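Just so you know, the sequences run in chain order A and B.
Heads up: the first sequence begins at 610 in the numbering used here, then just goes up one per residue.
Heads up: the second sequence begins at 610 in the numbering used here, then just goes up one per residue.
Just so it is clear, CB atoms sit at the ideal spot from N, CA and C, and this is done for glycine as well.
Source: prediction; values computed, not measured.
First the structure, in the form of structure tokens, and then the observations on it.
Number of protein chains: 2
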Amino acid sequence: MSADLVAAPALDAAVERRLRDALGDDAVVTSRDGRDEYRDPYWYENDRSFDSSAVVYPTSTEEVQAVVRIANDVGIPIWTSSQGRNYGYGGPSPRVKGSILVSLRRMNRVLEINEKLAYAVVEPGATWFDLYDAIEAGGHDLMVSVPDLGWGSVIGNSLDSGVTYLPLGMDYQAPTGMEIVLADGSLLRTGMGGLPDSKSWHVYKRGLGPVLDPLFIQSNFGIVTRMGYWLMRKPEAYAPLYLMAPKDSDLEQAIDITRELRLQGIIRGVPVMQNTITLSSHFPEILGKMRAHEGTLSDAVLQEIADSTGVGRWGQRTAVWGDRVVVERHVQRIKEAWGAIEGSRVDEYGVFTKENWGEITDFISKVQAGVPNLDMIEGRPDNIGHIGFSPVVPLEGEKVREVVNLLKRIAEDEVGVNFVAGLCTISERSTVLVSGLNFSTVDERSWQTAFDAVKKMVTEAAKLGYGEYRAHLDFMDEASDQYSFNDHAYRRFVEKLKDAVDPNGILSPGRHGIWPSAYRNR
Amino acid sequence: MSADLVAAPALDAAVERRLRDALGDDAVVTSRDGRDEYRDPYWYENDRSFDSSAVVYPTSTEEVQAVVRIANDVGIPIWTSSQGRNYGYGGPSPRVKGSILVSLRRMNRVLEINEKLAYAVVEPGATWFDLYDAIEAGGHDLMVSVPDLGWGSVIGNSLDSGVTYLPLGMDYQAPTGMEIVLADGSLLRTGMGGLPDSKSWHVYKRGLGPVLDPLFIQSNFGIVTRMGYWLMRKPEAYAPLYLMAPKDSDLEQAIDITRELRLQGIIRGVPVMQNTITLSSHFPEILGKMRAHEGTLSDAVLQEIADSTGVGRWGQRTAVWGDRVVVERHVQRIKEAWGAIEGSRVDEYGVFTKENWGEITDFISKVQAGVPNLDMIEGRPDNIGHIGFSPVVPLEGEKVREVVNLLKRIAEDEVGVNFVAGLCTISERSTVLVSGLNFSTVDERSWQTAFDAVKKMVTEAAKLGYGEYRAHLDFMDEASDQYSFNDHAYRRFVEKLKDAVDPNGILSPGRHGIWPSAYRNR
């Protein structure tokens, strides 16, 4: 089905030999089982468009350099994966079939935790669990801003613009200062890291001259082998909250209230507001009720579930961190503001301090305290995949409604499934509407229908002026196509950069729609 | 004196004709007086190393495109200046003598103020005064994060990594979404602006694919003709403060306290801590006392001035913005924390609300309320220039002390002047130590001595692992030289980008040490 299959030449024995010599035999895997570990687990089981030809496991920056030099020498594409947990976006699969998959899972060290300045330095294979464990093992008075699932890579998530939920998750403030293997195998250090023995590499976000860190987000200009990640001083008090809105029509007001609370500095993290269906991942009581129905749930049924479970038609998790008096006051302000929604409710999950920090056990409290977990996927049925479609929307009720209406219409009318929505409000001014569709990974028709519908979401949302913050591997090109101002000026500019820094086009060709010249001209 | 004089060919009559045809006669100025308006006013009066050959005044993006096309066609370097108020860093002077100076002062419109989403869109000639006036004229419930002096360009300051002091000044959070004229005269829009009729251009900091905005900071890859700038919702309460530390040896403790207050979220803006000498720009009583002495003031004299005026040896301005209860609590927390410094004092400048906002009149209160002004340079004597040297230092007392000691030794022992220091604490983890030297612009020896000493500061600080956040025109190359990791990997990478997007090397060659290939190979 894949719109545009691009394949690399088959891996030849001489190249495989060179890789084995460089990394050792145990670090080069060509068996189908071994390669399938890096298949998108949500991809239709019988489609092999995005298979790799081998998986290699460097254990150090020097070994990454060795792999890149071999690939550059012979002109074979490599595709880098830190942990590859970006399910819903294609996982670790390479865009070009037959690429060598460079797995960085064995480079999983937490290189440094600086308690005083509150940052860590990690390798790309280090997961949220690894980082959290290192912080706890060191007894540091620090917290890490984490995403919903703890198994992913800190670097991988950051480089995909993945969302995290503590205040440093706001606008991806945490990543700072990178070491990068370039296409010729040489090493680059960004920002203050350009100074030998720099004392400010991971504490300052710019440098002298153009700022490069953000150029390595969603790109294929180099392989990040080390990155600083800012941490948060553990607050005196922490109060997780759940803000319930009872009616679907409360959406606009809920968004506008959230914006004003953010602009006033009262909400500082990344709140997530979900609709009833989507809330089932945190509230098992919803799932039970849903199972009593077949097919698409009607508005009346959704309302019944929302009312009887008490979760509402929209529910927003958020939290307050800080001085005890301030936390109390900010909770009060949030309750006052949210109280303007008729029939709404604010649930308090308690106020946590150093004394009762260990009592943080529920998902909403854990994720906003930086405690990584896998709660959301516990008991998830097999063979169900999902694809994400996540446009960026200004934080205005009526604009959010416009996009919700569009996506809901496509999901319900064209696919016949309920619309799922999680609004990750990553700043005071915009929200990422994480939506998408579920499908069966063993049913070709279900899979095709879902992908067709999501591709339609991409183009229809773009017509209204909304673009995706992150695209699934299968439609990175279509998503990128929408950014067409001035005959795709953005893409043409980025392609010039790509050709300049990777003339042989070996690094993750096609990632987020960036193709090196050899592929563009094919 | 200039270490490395680079000159463009003389402007020929045919090119001048083309510029006049494109922009109109009044927009092309070649007279010496006209060109001297764009001379660095702090440069030695008899040195002409950085003169332009003409000044052109486009009034629209289309006219900027026309100028760039002509320059690209004939291969003449152009140097862009928004307002050119970056005194102390070379002002509007071009790096390459004989460049055509493109002044954007006539493109000074505030294109949009979005009250709901709290941002403005400006042209490069728009100053802090222009933006403030537009906000006030519209009656908007908004504030703009401003620098010390209000006459500069919002875009120019942002693209130089210039510091501003409200919470959005922290780590340069305000600039978002650019329109850029590229070297071939074509237009690029960054981030969500790549979507035609985008609704999120100025509300989201990334996009789909590599993030480009920061690439245009301190660079020469294009001319920014439009930029979004985030604004702050006016708070319920605002409390500016002055934190006094009585002894020079309090520095370490003061820095460490500041860091913890920042990490706890209590201080959210950009505080500035200055030593006694530097505080004279806000406290005229210090100036009077200083004038009673000749030459370098001894430590004993400085202590006497610090004590008798009550300003202390270190004084830090800061502020709290927010809900009334929270402001009161955070002021209390700051007083408690700062009180740990023996003999210290916290001065409160009042609590301002909508009712008494008009009573904000002193400099410290104005600058942190986003009221642009020129107070600091009132009554400044003629013929006194200064050069800035401003390394980035981790926000740790002992590291700040290490740099202070170095710079103080060079200033006092080698130049015989008192050390000036303003620590702009731009994030929770680092501070920009804005230092430098004053000199006479009509005395060649005074000028040379100052520049020699500052260049020594650049190299000596780098040996300790500290680099500059922004360099003076005259030693951009030396400052850039320090970022030498892996045989100048950073610079080599940036040069590749430069050659790819500006193959004829016409855009501001030499800016922050980035030279196009034609100049590198000369």
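Own chain residues within Cβ distance below 6 Å of residue i, not counting five before or after
i, result
"B:His1121", "Gln827, Met1085"
"B:Gly1114", "Pro1125, Ala1127"
"B:Gly994", "Tyr651, Phe1048, Thr1050"
"A:Trp737", "Val755, Gly759, Pro981"
"A:Asp865", "Gly1006"
"B:Lys898", "Ile914"
8 Å CB neighbourhood of residue i in its chain, flanking five on each side removed
i, result
"A:Arg815", "Gly800"
"A:Gly931", "Pro844, Glu845, Ala846, His939"
"A:Leu1015", "Met1066, Glu1069, Ala1070, Leu1073"
"A:Ser611", "Interpretation of A:Ser611 is limited by its pLDDT of 46, a score under 50 that renders its predicted location unreliable; the figure taken from the coordinates is listed afterwards. Answer for A:Ser611: Asp656, Ser658, Phe659, Asp1083, listed in chain order."
Among the options, nearest to residue i - alpha-carbon criterion
i, options, result
"B:Glu921", "B:Leu906, B:Ser953, B:His902, B:Arg933", "This sequence places Gly at residue 921 of chain B; Glu is not what is there. Per the Cα distances, B:Ser953."
"A:Ile875", "A:Gln912, A:Arg938, A:His811, A:Met836", "A:Arg938"
"A:Lys1107", "A:Asp822, A:Tyr1092, A:Phe1094, A:Ile1123", "A:Ile1123"
"B:Val881", "B:Val1110, B:Val772, B:Arg627", "B:Val772"
"B:Thr689", "B:Gly1045, B:Val934, B:Ala663", "B:Ala663"
"B:Arg1079", "B:Lys1072, B:Leu1073, B:Glu1087", "B:Glu1087"
"B:Arg926", "B:Glu951, B:Tyr851, B:Glu724, B:Glu1104", "B:Tyr851"
"B:Val929", "B:Gly967, B:Asp1022, B:Ser974", "B:Ser974"
"B:Val1024", "B:Glu724, B:Trp1056, B:Ile687, B:Gly818", "B:Trp1056"
"B:Trp947", "B:Ile722, B:Lys1072, B:Leu860", "B:Leu860"
"A:Leu620", "A:Thr885, A:Thr962, A:Ser708", "A:Ser708"
"A:Arg871", "A:Asp1090, A:Ile1019, A:Ala616, A:Leu1004", "A:Leu1004"
"A:Gly818", "B:Phe1102, B:Ala1109, B:Asn1130", "B:Phe1102"
"B:Arg942", "B:Glu869, B:Glu1037, B:Asp645, B:Val638", "B:Glu869"
"A:Ala747", "A:Glu732, A:Ile722, A:Ile764", "The question names Ala, yet the displayed sequence has Gly at residue 747 of chain A. Comparing Cα positions, the closest option is A:Ile722."
"A:Tyr838", "A:Ile1019, A:Val719, A:Glu945, A:Asp742", "A:Val719"
"B:Glu1077", "A:Ile764, A:Ala792, A:Tyr813, A:Met779", "A:Tyr813"
Cβ of residue i within 8 Å of any chain B Cβ
i, result
"A:Gln1091", "yes"
"A:Tyr934", "The amino acid at residue 934 of chain A is misidentified as Tyr; the sequence shows Val. Yes, A:Val934 lies at the interface with chain B (some Cβ there is under 8 Å from its Cβ)."
"A:Ser953", "no"
"A:Ile764", "no"
"A:Val910", "no"
"A:Glu945", "no"
"A:Ser611", "Only weak support is given to the placement of A:Ser611: the predicted model assigns it a pLDDT of 46, under 50, and the value that follows is read from those uncertain coordinates. Chain B contact via Cβ: absent."
Contact set between residue i and chain A, taken where Cβ atoms lie within less than 7 Å
i, result
"B:Val820", "Pro823, Leu824, Ile826"
"B:Pro560", "Residue 560 of chain B falls outside the range modelled here, since chain B spans only 610 to 1131, and no answer is possible."
"B:Arg648", "Those do not exist, as B:Arg648 stays about 24 Å from chain A at its closest Cβ, beyond 7 Å."
Beta-carbon proximity list for residue i, same chain, < 7 Å, skipping 5 on both sides
i, result
"A:Ala1098", "none"
"A:Thr887", "Val1029, Ala1030, Gly1031"
"A:Val1043", "Gly997, Ser999, Gly1031, Cys1033"
"A:Leu824", "Phe830"
Below-8 Å beta-carbon distance, residue i vs any chain A residue
i, result
"B:Val1110", "yes"
"B:Val1103", "yes"
"B:Gly931", "yes"
"B:His939", "yes"
"B:Arg942", "yes"
"B:Ile875", "yes"
"B:Gly921", "no"
"B:Arg1129", "no"
"B:Tyr774", "no"
Neighbour list for residue i in chain B, Cβ cutoff strictly below 9 Å
i, result
"A:Leu804", "Ala1071, Gly1074, Tyr1075, Gly1076, Gln1091, Tyr1092, Ser1093, Phe1094"
"A:His1121", "Leu817, Gly818, Pro819"
Amino acids of chain B, ordered along the chain, whose beta-carbon sits closer than 8 Å to that of residue i
i, result
"A:Thr727", "The displayed chain sequence assigns Ala, not Thr, to residue 727 of chain A. Near A:Ala727 (Cβ distances below 8 Å), the residues of chain B are Leu872, Glu1037, Arg1038."
"A:Val1002", "Lys808, Ser809"
"A:Ala1088", "Leu817"
Within chain B, the residues that residue i reaches when beta carbons sit closer than 7 Å
i, result
"A:Lys814", "Asp780"
"A:Lys1008", "Lys808"
Chain A residues whose Cβ lies nearer than 9 Å to that of residue i
i, result
"B:Met1066", "Within chain A, no residue comes near B:Met1066; the closest Cβ sits about 14 Å away, beyond 9 Å."
Which full runs of the beta strand (DSSP E) of 3+ residues lie inside the region 847-890 of chain A, going along the chain?
Counting only runs of 3 or more, we get 881-884.
Could you name each continuous alpha helix (DSSP H) segment of 4 residues or more that falls completely within the region 1076-1103 of chain A, going from the start of the chain to the end?
Runs of the alpha helix (DSSP H) inside the region 1076-1103 of chain A: 1085-1090.
Quick one: which residues of the region 685-708 of chain A get their C-beta closer than 8 Å to a C-beta of chain C? List them in chain order.
Given the protein chain composition of this structure (A and B), no chain C is represented.
Runs of beta strand (DSSP E) wholly within the region 978-1048 of chain B (minimum 3 residues, chain order):
Counting only runs of 3 or more, we get 993-998, 1001-1003, 1031-1033.
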